[in-house]
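Peer 1: Right, I'll just put the structure down here and ask away after.
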Amino acid sequence: MNRRTLLSSLAAGVLGCAVGRGAAAAEKDRYSAIYLTDMHCADCARKIARKLYAVPGVVTVKADLDKNIAFVIHQKQKDPSPKALWEAVEGEGFEVVKVYTPAGFLTEKPQQ
Numbered sequence: 035m036n037r038r039t040l041l042s043s044l045a046a047g048v049l050g051c052a053v054g055r056g057a058a059a060a061e062k063d064r065y066s067a068i069y070l071t072d073m074h075c076a077d078c079a080r081k082i083a084r085k086l087y088a089v090p091g092v093v094t095v096k097a098d099l100d101k102n103i104a105f106v107i108h109q110k111q112k113d114p115s116p117k118a119l120w121e122a123v124e125g126e127g128f129e130v131v132k133v134y135t136p137a138g139f140l141t142e143k144p145q146q
């Protein structure tokens, strides 16, 4: 194998790994963040999580009590409805400030 062929093969392999990893990272990073008010304790977080787990497309829920944020990891290739996420939190008696989705931030409850 000559030097040019070897370098071309190495470059193609490195590029292929980088592209494949980027696609996997993009799929892995599918999440939403729900910013809310008055999530005081772990019990509040559990109540919110219980409602969020009932939304189709939700795999994992984690809460940051200090920042009043509930993070929702999405099911592979199935994003939960932003409106359903919003209503799940409201249904537990908490006020939603905004919701981050892969499509961007929502500062008002979606109509659909």
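Under our numbering, the residue at position 22 of the sequence shown is numbered 56, and the numbers go up by one with no gaps.
Quick reminder that beta carbons are idealized off the backbone N, C-alpha and C, glycines included.
1) Using a Cβ-Cβ cutoff of less than 6 Å, which residues in the same chain neighbour Ala58 once the five nearest sequence positions on both sides are dropped?
2) Take Phe128 as the anchor and find which of Tyr65, Arg64, Lys85, Ser66 has the nearest alpha-carbon.
3) With distance defined between alpha-carbon atoms, name the residue in Ser66, Lys96, Gly91 nearest to Met73.
4) Can you tell me whether Ile82 is buried or exposed? The criterion is at least 16 other CB atoms within 10 Å of its CB, across all chains shown.
5) If you check the beta carbons only, do Pro114 and Val123 fall under 8 Å apart?
6) Considering only residues of the same chain and omitting the five flanking positions on each side of Ala88, which have a CB-CB separation below 8 Å?
7) For Val133, count neighbouring Cβ atoms within 10 angstroms of its own Cβ and tell me buried if that reaches 16, exposed if not.
Peer 2: Quick answer:
1) Mapped onto the sequence shown, residue 58 falls at position 24. Because Ala58 carries a pLDDT of 45, less than 50, the predicted location of this residue cannot be relied on, and the following value inherits that uncertainty. Here the set comprises nothing.
2) Counted from its first residue, the sequence shown places residue 128 at position 94. Minimum Cα distance to Phe128 is reached at Lys85.
3) The sequence position of residue 73 within the sequence shown is 39, counting from 1. Here the closest residue by C-alpha is Lys96.
4) Start at 1 with the first residue of the sequence shown, and residue 82 comes out as number 48. Ile82 is buried by the Cβ-count criterion.
5) Stepping through the sequence shown from its first residue, residue 114 is reached at position 80. Stepping through the sequence shown from its first residue, residue 123 is reached at position 89. No, the Cβ-Cβ distance between Pro114 and Val123 is not below 8 Å.
6) Walking along the sequence shown from the start, residue 88 turns up at place 54. By the criterion of a C-beta distance shorter than 8 Å, Ala88 is surrounded in its chain by Ala122, once the five residues flanking it on both sides are discounted.
7) Residue 133 sits at position 99 when you count from the first residue of the sequence shown. Buried, because 16 or more other Cβ atoms sit within 10 Å of the Cβ of Val133.
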